Every structure is written in structure tokens, then in C-alpha cells.
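A.B. asks:
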Amino acid sequence: MGVIRMNNLYEYFGCSSKEELYQKVTKGDDSVRSLVDFIDFSKGQMNSKEKAITSPQDFIEFVAKSKMPSQSETTLVFCSTKNKPLYLTRYQKHDQIDLKRVLKEGLNAGGVSLFYLSNDTMSTDNEVEMGGYFKTFGIDVIDGFSYNEISDTITSNREMIPYRLSKYAPPISEVAERDGGRGTAYEMKNAITTFHGFDEFSSFFANQEIVGSNLLKDNAKVKKSLKVGYQYDWQESFGIIACDSDYKVVFVNELFKGSPNASIVDRKVFTKALLSKDDVSKIAVFHNHPSGIPEPSPEDKQITKGLKEVSEKLNIQFLDHFIVGKESVYSFAKYIPEYVCRNEDYSSFVQKQAKIKRGKQMAFELEL
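Going left to right, the sequence shown walks through residues 1 to 368 as the working numbering numbers them.
1) From which residue to which residue does the alpha helix (DSSP H) around V250 run?
2) Which of the three DSSP states is assigned to K189 in this structure?
3) Can you tell which of N7, S16, V228, G197 has the C-alpha that lies nearest to the C-alpha of F38?
4) If I measure Cβ to Cβ from S16 and keep anything under 7 Å in the same chain, skipping five residues before and after, which residues do I get?
5) What three-state label does DSSP hand D120 in the structure shown?
6) Apart from the five residues on each side of it in sequence, which residues of its chain come closer than 8 Å, Cβ to Cβ, to V25?
7) With a cut-off of 8 Å on the beta carbons, I'd call V252 and G212 a contact; round off their distance for me.
8) According to DSSP, which residues form a beta bridge with K282?
9) Under three-state DSSP, which class holds T81?
10) If V340 and F332 are in contact, beta carbons under 8 Å, what's the gap, nearest whole angstrom?
11) For F145, which of helix, strand or coil comes out of DSSP?
12) Hey, quick one: how far does the alpha helix (DSSP H) through F210 stretch, first residue to last?
13) So, is Y87 buried or exposed, given that buried needs 16 or more other C-beta atoms within 10 angstroms?
14) With respect to the alpha helix (DSSP H) encompassing Y330, which residues constitute its N-terminal and C-terminal limits?
15) Which one of K167, Q208, T54, T304 has the shortest CA to CA distance from F115?
16) Roughly how far, in whole angstroms, is the beta-carbon of K18 from the beta-carbon of F195, given that I think they are within contact range, below 8 Å?
17) Do S166 and T155 have their CB atoms nearer than 8 Å?
18) Under 6 Å Cβ to Cβ from Y247, same chain only, skipping five residues before and after it: list those, please.
19) From G292, G106, M160, P85, pick the residue whose C-alpha is nearest to that of K65; which is it?
20) Out of G325, D120, K282, K326, state which residue places its alpha-carbon closest to the alpha-carbon of D244.
21) In the DSSP assignment, what residue or residues form a beta bridge with T75?
22) Compute the Euclidean distance between the alpha carbons of T193 and I323, then round it to the nearest angstrom.
23) Can you tell me which residues form a DSSP beta bridge with P162?
24) With a CB to CB cut of under 8 Å and the five nearest residues on each side skipped, what residues in its chain are close to T271?
25) Quick check: the Cα distance between K82 and I139, rounded to an integer number of angstroms?
26) Does S297 pass the burial test, meaning 16 or more other C-beta atoms within 10 Å, or should it be called exposed?
27) My understanding is that H287 touches E236, with C-beta atoms under 8 Å, so please give their C-beta distance in whole angstroms.
28) Taking just the CA atoms, how far does I150 sit from G325?
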């Protein structure tokens, strides 16, 4: 009998619900040790060291780390909104089932755009067909490349300049690659994120960890929990952290889901959440950036100003806006405090923690 591969997170860990799995995680049950390790890993520095692909040379440098496609294959590199490589895979040409497989894998990896590499020059019709196929699902084909085995060169379909592959040293790639059913170390580390139910469980985990915490004293814990809960989301999620007068978190509510690079915030829904409990005195909001880069956009700043205005009208203090990335969690109160309310206790605490962190970093650098 063959081995059955389970694609459901709860089944994989022998659980029937997110509540049961959470209990096992909090107790450190041996049966979920890999998930516990993954959660701890997720709290740290997670960003891929792969640089963004901004030129044909960048793409060639990246694919030089893997084997070239055969004449029957096409290599696909799925990227983030910032053109950072997320997932490399191959599929058999003219095989619609295999093409559907790589589409699923690319979406699970968080891909929003892609580059492809073919062993021979792809006809214009085939190139248009491929672009149209992925465009249907919201994935842009940025550029296509052809590999010539005889000259050992790779040529961009846009630039039409051949580059010798031998000029690009092939170090080991950190980006996930599907190859004969065996995953690279990076892929195995991130395989959990592709399970059905992962998004549900990760946000549930964050909710459970944050509720009951003190937003002031447990600020670092709150940010780490948000990181675990939302850094892998392929679309933007927006939520609220509501506190009582003592900064105790009384509820966490995910309000909106958006696209890979935008979230829609409805003031009516936001206001309804603020008024859902009488003891709400202070709030913070959060959302994630699927690109992994947590710096706020002009739209983020504009939305924050509007939500602060709504909160003030209800005599609720708007303490912070957290943006979740893969390396860190951005705090408006820390970096641009003019966008949040003037709360001396919270502002002083955030700035004090920042000074402590900078001091530790300087001491570490001096030791080096």
C-alpha cells in the first residue's frame, strides 16, 4: 500500500479542530513538536535572503542555482509583489494537469507574478497562451527566457541578449523547489504553510495568544504573535486589538481580507467592532504586507488617520497600528507617533523598549 499524503493541517497532526491543535501546541505535546518549532522559528528573522529580480541578469543568477530544464520542461519562478523569488518548480510542456499543479503550488507559496525558462525559444503564440493562462488567475508573467544547450546561454525574450551561464556561480538556493518529490531544506521548513487550514490556525493561534495580554507590558509578545499569525498570508488581512482601561486585551477581531497588495477598510464595520463591548477604552489595529516589507504605504497612513479620527469621536484611544512583515512588525507609535493618539504611558514604553533594543545591538556589535 502506498503512503497517503495528507494536505490538511489538523489531520496531519492527528487533530479534529483548531482548538484541539492549539491545546497540543500550548502543552508542548511531542506529536506537534515540528509545529511548535515552526512557530518559534516564525517569531524570528524570516525573510528570504534572495534579492529581488529587477533585470535579466538577476534572473539568470537565480536560476543558475538549479538544473536547467530539459526540452520537455519549463521552469517557473513565482515571486512576491516585490519580485522576490518565493518558489521554483518545473512542469511538463503541454500537460494541463501538471500546469494546474504548479499553479496551485505557486499560489500556496504566495506568488503574485512569475518568470519562466524554456529549453528552447517559445513561439509567440505559446508565450501569449502562457501569459493569458496565469493572468486569468491574477498572476503576471513578467518575462520569459530561453536556454540554449549548445551555446550554454540564457536569453530574455524582452532584451534578446544571450548571457553565458558559466559566468554565474551556482550556490545553493534557499528558495523552495519541487524536484522529484523531494523538498529542499527551505521547502521542508515552510511545507506547513501549504496545508489546508494553516491560515485559519495561524490567525486563531495569534488571537488566543494575544487575548488577555497587556498591550503595554506584553507589547513584544503581541507583535510576535501577530507575526506568527499573519506573516505568511498571501493577501492583506486587517484587524483590531481592543483593550480595557488597564491595557488588557479584551478581544482580537480580524475585520477584513483584501488582495495581495491592498486591503479594504470599511469605517462602518470598524465602528461596529469598537462598539461591540462597553469596556473598550483603547485599541490598536494591525494588517500584514504579503510582500514581507512592513514599511507603511501612503494609503496605510491615510487609513490610519481616518481610523484615529473615528476612535477619537468615540472617546477611544488609538494607540498603535502594527504592520506585519516577514522580518519584523512595524509600529506607528514607534516610528511615526503623530498618526496615533498621545498616550504618554504607551508612547514612553514603546520608545524605552526601542532604546533598550538599540543598546543591546550596539553592545553586540562592539563585542564583534
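The beta-carbon is built from N, C-alpha and C at its ideal position, and this holds for glycine as well.
Predicted model only: the values in this text are computed from it and were never measured.
C.D. replies: The structure says:
1) Per DSSP, V250 belongs to no alpha helix (DSSP H); it is in the beta strand (DSSP E), 249-257.
2) Residue placement at K189 cannot be trusted, given a pLDDT of 48 that sits under 50; what the coordinates show is reported in the next sentence. Three-state result, K189: helix.
3) V228
4) Y10
5) coil
6) V32, L35, V36, I39, F205
7) In fact, because the Cβ distance is near 10 Å, the residues do not count as touching under 8 Å.
8) C243, Q317
9) coil
10) About 5 Å; that satisfies the 8 Å criterion.
11) F145 falls in the strand class under three-state DSSP.
12) Note on identity: in this sequence residue 210 is Ile, with Phe being the wrong assignment. From DSSP, the alpha helix (DSSP H) with I210 extends over 198-210.
13) buried
14) Note, Y330: premise wrong, no alpha helix (DSSP H); beta strand (DSSP E) at 329-331.
15) T54
16) About 12 Å; that fails the 8 Å criterion.
17) no
18) N214, L215, L216
19) Among G292, G106, M160, P85, the Cα nearest to that of K65 belongs to P85.
20) K282
21) R90, L117
22) 20 Å
23) T155
24) V310, L314
25) For K82 and I139, the distance between alpha carbons rounds to 13 Å.
26) Residue environment: S297 is assigned as exposed (fewer than 16 neighbouring CB atoms within 10 Å of its CB, all protein chains considered).
27) H287 to E236, Cβ: 6 Å. Contact.
28) Pairing G325 with I150, the inter-Cα distance amounts to about 43 Å.
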